[in-house]
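Asks: If you count the sequence shown from 1, you need to add 289 to reach the working numbering. The following block contains the structure, expressed as structure tokens.
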Amino acid sequence: MTRETFPHEGALAESLARRLADAITAQPSIVLGLPTGRTPLAMYAELVRLTQAEQIDWSRVRTFNLDEFVGLGDSEPGSYRAFMHERLFKHVNIHREHIGFLDGRATDLEAECARYESAIAAADGLDLVVLGIGANGHIGFNEPADTLAARTHRVILDDATRAGNALWFRGDVRAVPREALTMGMATILSARRVTLMATGEAKAEAVCAMLEGGITTRLPASFLQLHPDVQVLLDEPAGECLPIRR
Ligand code: F6R
290 MTRETFPHEG ALAESLARRL ADAITAQPSI VLGLPTGRTP LAMYAELVRL
340 TQAEQIDWSR VRTFNLDEFV GLGDSEPGSY RAFMHERLFK HVNIHREHIG
390 FLDGRATDLE AECARYESAI AAADGLDLVV LGIGANGHIG FNEPADTLAA
440 RTHRVILDDA TRAGNALWFR GDVRAVPREA LTMGMATILS ARRVTLMATG
490 EAKAEAVCAM LEGGITTRLP ASFLQLHPDV QVLLDEPAGE CLPIRR
């Protein structure tokens, strides 16, 4: 894993947006795995700005988001699908049929997870997956546990994860769904390249353990140590227990 520390989260967002814009230009049919959450907000805003300023063409880009809440569909506030539409998809010329998303309202959630795996495989896998990290070390919604699931599956969310998502539900943690669908560990680790972003001191402990600790199902992000091409982008507070390398 390589790591870079930026003086503040705005600088990280700008740098990652630049890399994604360049990746699309270099490989117009790139297949991206994308996160939601607070961390990528500024990055998506900058990516939209770059796209418009430089007329970056998304017409052949395909995307698969990491996760979605069970029970929430396309247009429901709080759904990750709605998040992505507002922050990215409606601002770029991506084709609707190139947007891969788990349907949290599917009647057969197991079949929906299998469909997602097949869709990713049919796209010839993920070229680049962008990740955030939970303060508990989760990636996607692969929560710390005795065992982790390899492929896309249904999960029960940790209380801390639900609390961290309350901001998308008017601050009401009780409104945050208890379950989600998420890409599994092997789905993520099969991506050809991985970029993980983390900002703020609340992430510092998990980031330290991911980079320097042992590989453990109790910190799912630690499995990224097994991947040959991982970039970790941090702001100073998230990297604070590490010597800063610029
Ligand atoms: C969201 C996702 C999660 C988040 C993580 C950090 O799609 O996969 O793993 O990246 O929970 O969330 P924020 O950025 O809100 O701190």
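Here a beta-carbon is modelled for each residue, glycine too, at the ideal position from N, C-alpha and C.
1. What's the call for PRO517, buried or exposed, on a 16-neighbour Cβ count within 10 Å?
2. For ASP566, count the other beta carbons within 10 Å of its own beta carbon; 16 or more makes it buried, fewer makes it exposed. Which is it?
3. Just reading off the beta strand (DSSP E) that GLU293 is part of, what are its end residues?
4. So VAL465 and ALA455 are supposed to be a Cβ contact under 8 angstroms. How far apart are they, rounded?
5. For ASP524, write down the residues that DSSP places opposite it in a beta bridge.
6. When burial is assigned at 16 or more other CB atoms within 10 Å of the CB, is ASP448 buried or exposed?
7. Beta strand (DSSP E) containing ASP356: first to last residue?
8. Which one of GLU357, GLY429, ASP363, VAL381 has the shortest CA to CA distance from VAL419?
9. Would you check if the distance between the CB atom of ARG376 and the CB atom of LEU417 is smaller than 8 angstroms?
10. Quick check on ASP311: buried or exposed, where buried means 16 or more other Cβ atoms within 10 Å of its Cβ?
11. Measure the C-alpha to C-alpha separation of ARG535 and MET290 and round it to an integer number of angstroms.
12. Work out the CA separation of GLY426 and GLU399 for me, nearest whole Å.
Replies: Judging by the given coordinates:
1. The residue labelled residue 517 in the question sits at position 228 within the sequence shown. The C-beta of PRO517 has fewer than 16 other C-beta atoms within 10 Å across all chains shown, which makes the residue exposed.
2. The chain is shown from 290 up to 535; residue 566 falls before or after that span and cannot be answered.
3. The count along the sequence shown starts at 1 and reaches residue 293 at position 4. First-last of the beta strand (DSSP E) with GLU293: 291-295.
4. As a position in the sequence shown, residue 465 is number 176, starting the count at 1. As a position in the sequence shown, residue 455 is number 166, starting the count at 1. Confirmed, Cβ separation roughly 6 angstroms.
5. Numbered from 1 along the sequence shown, position 235 holds the residue referred to as residue 524. For ASP524, the beta-bridge partners assigned by DSSP are PHE295.
6. As a working note, residue 448 is residue 159 in the sequence shown. ASP448 should be labelled exposed.
7. Indexing the sequence shown from 1 puts residue 356 at position 67. Membership of ASP356 in the beta strand (DSSP E) is indicated by the continuous run 356-358.
8. In the sequence shown, residue 419 corresponds to position 130, counting from 1. Looking at the Cα atoms, GLY429 is the closest of the given residues.
9. Start at 1 with the first residue of the sequence shown, and residue 376 comes out as number 87. Start at 1 with the first residue of the sequence shown, and residue 417 comes out as number 128. In this structure, ARG376 sits away from LEU417, with a CB-CB distance that is not shorter than 8 angstroms.
10. In the sequence shown, the residue the question calls residue 311 occupies position 22. Label assigned to ASP311: exposed.
11. Your numbering for residue 535 matches position 246 in the sequence shown. Your numbering for residue 290 matches position 1 in the sequence shown. Confidence at ARG535 is low in this model, with a pLDDT of 46, below 50, so its placement is unreliable and the value that follows should be read with caution. If I take the Cα positions, the gap works out to 15 angstroms.
12. The residue labelled residue 399 in the question sits at position 110 within the sequence shown. The residue labelled residue 426 in the question sits at position 137 within the sequence shown. Cα-Cα distance, rounded: 25 angstroms.
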